[in-house]
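**Student:** I'd like to ask some things about the structure below.
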């Protein structure tokens, strides 16, 4: 990228870290042992101040590519005309709501716009509780659904971690349907149904079976990039609906074509949720999110209490959201996710044959996890080697991250413009690093 595309040099990494320590809350995390100062992004690449390019294989926010010209243009043009709150009529709001609903199955036909995935999941819980008149929530172990007080309370990834206060009485945790590490393995054709039985058992423990909602990611992110076993959501939803509860699909990390075979992750399970929450990729880095539900649930929520969101669905956000949908469709990014993801998974599974440290490779499309273990029989996790590899990949110009309950899963969720050549480069570089002395 030409030098004129970069901003003038500013503070050094050391100066920024010093200023952060003084003025920014220290619980705000930074990636990598040697943090990066990123000053530019273009499609699947990020650039530091020296102009070095990094292949971004983990940022599932810039869904159609960093600084995609079509998305940038849409935002700039609308910002120059109007951006105000949502108490006024604006045609892009209804155009965008119509486009989103057209991409979703019936009866998901009513939208609420917000600014983040956390806001979306918070609102989804309000909708479910208002509709059912119940409070209790069923969640999957190791799940993360957002950073508000309520969402931390229903997120085992947070409330069971450092600083967590444990789960409140209204939260009921069921085992993660992990067919690699869990009770039922991928060799069991009925694993999904068996894991779903835990939801039925949780409902039986709730007084009067008064469940408000079951909320679950369509593929599990912080749980370790877990692909749900066949029939899991179908059976889980059946149990919840039989008890009068609402089924919420958290698509914040996996929606909009990332899985390749389908536009939405929940479609891979053959289900239709009662509420879908959308975030991260929906605005390609712009703070936009949404909740889509049924007319019946929306009618319950129209109970006299006004719902208002100052910025949710503002003209600039809607223009950007429309542009993202246009780019996904016109550039065939869902198809690319399937093609590049298939290539990537094949390459990574080849590495598993050569490197015992790789216990499992799993994923759909460009949603991929590599679980690292010290022993393939005991499945002893190794966070140390996972962290080492992520940092070494960064030094080699490829950005990955780690996740999972044991922090031993390398997660790969690149922008959907990630190519088959990028996949080959990632696999080759990872192969090199796996040959290093990882015990040091």
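In the working numbering, the protein residues as written are 11 to 450. C-beta: ideal position from N, C-alpha, C; glycine also. These numbers come from a predicted model, not from an experiment.
Whether or not the stretch 237-246 and the stretch 196-206 are in contact is what I'm after, with contact meaning three or more pairs of Cβ atoms, one per stretch, closer than 8 angstroms; do they touch?
**Tutor:** Result yes; three or more Cβ-Cβ pairs closer than 8 angstroms.
**Student:** Would you check if the distance between the CB atom of residue 79 and the CB atom of residue 49 is smaller than 7 angstroms?
**Tutor:** Not a contact, by the Cβ cut-off of 7 angstroms.
**Student:** If you compare alpha carbons, which of 138, 320, 67 is closest to residue 123?
**Tutor:** Comparing Cα positions, the closest option is 320.
**Student:** Taking the alpha carbon of residue 390 as the point to measure from, which residue in 107, 29, 366, 62 has its own alpha carbon closest?
**Tutor:** The residue with the shortest Cα to Cα distance from residue 390 is 366.
**Student:** When burial is assigned at 16 or more other CB atoms within 10 Å of the CB, is residue 291 buried or exposed?
**Tutor:** Label assigned to residue 291: buried.
**Student:** Rounded to whole angstroms, what is the Cα-Cα separation between residue 443 and residue 395?
**Tutor:** The alpha-carbon atoms of residue 443 and residue 395 are separated by roughly 11 angstroms.
**Student:** What does the Cβ neighbour count give for residue 315, buried or exposed, with the cut at 16 atoms within 10 Å?
**Tutor:** Exposed, because fewer than 16 other Cβ atoms sit within 10 Å of the Cβ of residue 315.
**Student:** Which term fits residue 15, buried or exposed, when burial requires 16 or more other beta carbons within 10 angstroms of its beta carbon?
**Tutor:** Result: exposed.
**Student:** Name the DSSP bridge partner or partners of residue 52?
**Tutor:** Residue 52 is bridged to 55.
**Student:** In the DSSP assignment, the alpha helix (DSSP H) including residue 327 goes from what residue to what residue?
**Tutor:** Taken as a continuous stretch (DSSP letters only), the alpha helix (DSSP H) holding residue 327 covers 325-340.
**Student:** Return the first residue and the last residue of the beta strand (DSSP E) that residue 257 is part of.
**Tutor:** Segment 256-260, the beta strand (DSSP E) holding residue 257.
**Student:** Assuming contact is defined by CB atoms lying nearer than 7 angstroms, are residue 183 and residue 146 in contact in what I supplied?
**Tutor:** Result no, Cβ atoms of residue 183 and residue 146 do not sit closer than 7 angstroms.
**Student:** In chain order, which continuous runs of the beta strand (DSSP E) of length 3 or greater are located wholly inside the stretch 117-173?
**Tutor:** 120-124, 146-150, all fully within the stretch 117-173.
**Student:** Is it a yes or a no for the stretch 282-297 touching the stretch 123-141, going by three-plus beta-carbon pairs under 8 angstroms?
**Tutor:** Flag = yes, the stretch 282-297 and the stretch 123-141 touch.
**Student:** So for residue 108, helix, strand or coil by DSSP?
**Tutor:** Reduced to three states, the DSSP call for residue 108 is helix.
**Student:** What do you reckon, is the C-beta of residue 161 under 6 angstroms from a heavy atom of the ligand FMN?
**Tutor:** The ligand FMN is not part of this structure, which contains no ligands at all.
**Student:** With a cut-off of 8 angstroms on the beta carbons, I'd call residue 117 and residue 305 a contact; round off their distance for me.
**Tutor:** Confirmed, about 7 angstroms.
**Student:** Give me, in chain order, the residues of the same chain whose beta-carbon lies closer than 6 angstroms to that of residue 35; leave out the 5 immediate sequence neighbours on both sides.
**Tutor:** Nothing meets the Cβ criterion.
**Student:** Sorted by chain position, which residues of the same chain lie with C-beta nearer than 7 angstroms to residue 303's C-beta, five sequence neighbours on each side aside?
**Tutor:** These residues qualify, in order along the chain: 118, 120, 137, 284, 285.
**Student:** Starting from residue 352, trace the alpha helix (DSSP H) in both directions and tell me its first and last residue.
**Tutor:** Per DSSP, residue 352 belongs to the alpha helix (DSSP H) from 343-364.
**Student:** Hey, is the stretch 328-348 in contact with the stretch 422-441, meaning 3+ C-beta pairs nearer than 8 angstroms?
**Tutor:** Yes: the two stretches touch, three or more of their Cβ pairs being nearer than 8 angstroms.
**Student:** Looking at residue 270 and residue 379, is the spacing between their C-beta atoms short of 7 angstroms?
**Tutor:** Against a cut-off of 7 angstroms, the Cβ pair of residue 270 and residue 379 comes out as no contact.
**Student:** Express the C-alpha separation of residue 84 and residue 259 in angstroms, rounding to a whole number.
**Tutor:** Cα-Cα distance, rounded: 29 angstroms.
**Student:** In the DSSP output, what is residue 182 paired with across the bridge?
**Tutor:** Paired residues: 148.
**Student:** Which of the three DSSP states is assigned to residue 220 in this structure?
**Tutor:** Residue 220: coil per DSSP, three-state reduction.
**Student:** I need the straight-line Cα distance from residue 56 to residue 249, nearest angstrom please.
**Tutor:** Distance between the alpha carbons of residue 56 and residue 249: 45 angstroms.
**Student:** Looking only at its own chain, which residues have a Cβ that is under 8 angstroms from the Cβ of residue 19, when we skip the five neighbours before and after it?
**Tutor:** Cβ neighbours of residue 19 beyond the five flanking positions: 59.
**Student:** Quick check: what's the CA-CA separation for residue 63 versus residue 433?
**Tutor:** Computed Cα separation, rounded: 16 angstroms.
**Student:** May I have the straight-line CA-CA distance separating residue 24 from residue 31, to the nearest angstrom?
**Tutor:** Whole-angstrom Cα-Cα distance: 11 angstroms.
**Student:** In or out: residue 45 buried (at least 16 other Cβ within 10 Å) or exposed?
**Tutor:** Residue 45 is exposed by the Cβ-count criterion.
**Student:** Is residue 410 closer than 7 angstroms to residue 109 when the C-beta atoms are compared?
**Tutor:** Contact: no.
**Student:** Looking at the structure shown, is residue 446 part of a helix, part of a strand, or coil, going by DSSP?
**Tutor:** Residue 446: coil per DSSP, three-state reduction.
**Student:** Pull up the CB-CB distance for residue 181 and residue 223, whole angstroms please, since I reckon it's below 8 angstroms.
**Tutor:** About 11 angstroms; that fails the 8 angstroms criterion.
**Student:** Inspect the beta-carbon positions of residue 132 and residue 160 and report whether they are closer than 7 angstroms.
**Tutor:** Yes, they are a contact pair.
**Student:** Kindly indicate the opening and closing residues of the beta strand (DSSP E) around residue 381.
**Tutor:** From DSSP, the beta strand (DSSP E) with residue 381 extends over 377-382.
**Student:** Within the continuous alpha helix (DSSP H) that includes residue 301, where are the two ends?
**Tutor:** Unbroken run through residue 301 is the beta strand (DSSP E), 299-303; no alpha helix (DSSP H).
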